[in-house]
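Encoded as structure tokens, the structure appears first; notes follow it.
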Amino acid sequence: MDIRAVRAGELALLQEIERAAGQWFRGIGMPEIADDEPFPLEVLDRYRLAGRAWVAADAADTPVAYLLADPIDGNLHVEQVSVHPDSARRGIGRGLLVHLADRASAAGVPALTLTTFAEVPWNAPYYARCGFRPLDVPGPGLRAVCAQEAAHGLDRWPRICMWRGVRCVGGGGRRGGGR
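In this text, residue positions in the sequence shown follow the numbering used here: the first is 116, and each later residue adds one.
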């Protein structure tokens, strides 16, 4: 897989990837998450223009996964990771996390953070296999993210903040979940 910046013409494809990846949630009794709409095109374009959106592209240079990141509390925050189900379980999500960690390290950013579902197998347990650990005392920016997620209804299911130093993100496992 080639990991590269998102191109302007690929934004609608990112939405398709997220919708497809969201269907995993339907199978575990979380249809509200499966039905949640992806970011609007204008939001995705803001990430692209800010240089904080990457895709993993297949041999035909077609995106099969993507990652969005935000600078929060001096770290890079994984806002969204989605892998199309047809490309799941191949280390693509992990590859995107490694790419982000490499960019963070090069910029002198100490850690990656994320918020995720605590009990969904391809969320917190997956991220733990990738070296992320629970973050007991999130900074003010991450607390604001948690408040926004709660306002969106994501706190209906147990959520967790996690962090990982950028020197070595790795591990095995399943599709990197977003949300």
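We put the beta carbon where it would ideally sit given N, CA and C, even for glycine.
Residue environment, residue i, which counts as buried when at least 16 other CB atoms sit within 10 Å
| i | result |
| --- | --- |
| G177 | Residue identity differs from the one stated: residue 177 is Thr in this sequence, not Gly. Looking at its Cβ environment, which holds fewer than 16 other Cβ atoms inside 10 Å, T177 is exposed. |
| R204 | exposed |
| A219 | buried |
| P146 | exposed |
| R271 | exposed |
| P255 | exposed |
| Q195 | buried |
| V158 | exposed |
| L183 | buried |
| G223 | exposed |
Length of the line joining the Cα atoms of residue i and residue j
| i | j | result |
| --- | --- | --- |
| L63 | A221 | Since the first and last residues shown for the chain are 116 and 294, residue 63 lies out of range. |
| A168 | A135 | 19 Å |
| G206 | A262 | 31 Å |
| L164 | R244 | 31 Å |
Residues near residue i in its chain [Cβ-Cβ closer than 6 Å; skip 5 each side]
| i | result |
| --- | --- |
| D173 | V179 |
| D117 | A172 |
| C283 | In this prediction, C283 scores a pLDDT of 48, lower than 50, which makes its location untrustworthy; the coordinate-derived value is nonetheless stated afterwards. Closer than 6 Å at the Cβ level, and outside the excluded window around C283, lies no residue. |
| F247 | M277 and R279 |
| M268 | The identity of residue 268 in the sequence shown is Gly, whereas the question assumes Met. There are no such residues. |
| D185 | H192 and E194 |
Boundaries of the alpha helix (DSSP H) in which residue i is found, first to last residue
| i | result |
| --- | --- |
| D160 | L156 to L164 |
| L211 | I207 to A221 |
| L257 | P255 to A266 |
Same chain only: Cβ atoms within 8 Å of residue i, ignoring 5 sequence neighbours per side
| i | result |
| --- | --- |
| D160 | A123 and L126 |
| G166 | A120 |
Segment limits, beta strand (DSSP E) that includes residue i
| i | result |
| --- | --- |
| D117 | D117 to A120 |
| I143 | That residue, I143, is in no beta strand (DSSP E); it is neither H nor E in DSSP. |
| A172 | A168 to A172 |
| L183 | P178 to I187 |
Anticipated Cβ contact below 8 Å, residue i with residue j, distance rounded
| i | j | result |
| --- | --- | --- |
| A233 | R274 | 6 Å |
| I143 | H199 | Not quite, the Cβ-Cβ distance comes to about 18 Å (not below 8 Å), so this is no contact. |
Cut-off 7 Å between Cβ atoms - residues of its own chain near residue i, not counting five sequence neighbours on either side
| i | result |
| --- | --- |
| I187 | T228, G256, L257 and V260 |
| G137 | I148, A149 and D151 |
| V281 | A216, A219, S220, V224, P225, A226 and L227 |
| S197 | I132, E133, A136, A180, Y181 and G293 |
| E264 | T230, D270 and R274 |
| L250 | T228, C276, M277 and W278 |
| G210 | M116, I118 and A171 |
| Y162 | A168 and L183 |
| H214 | I118 and W169 |
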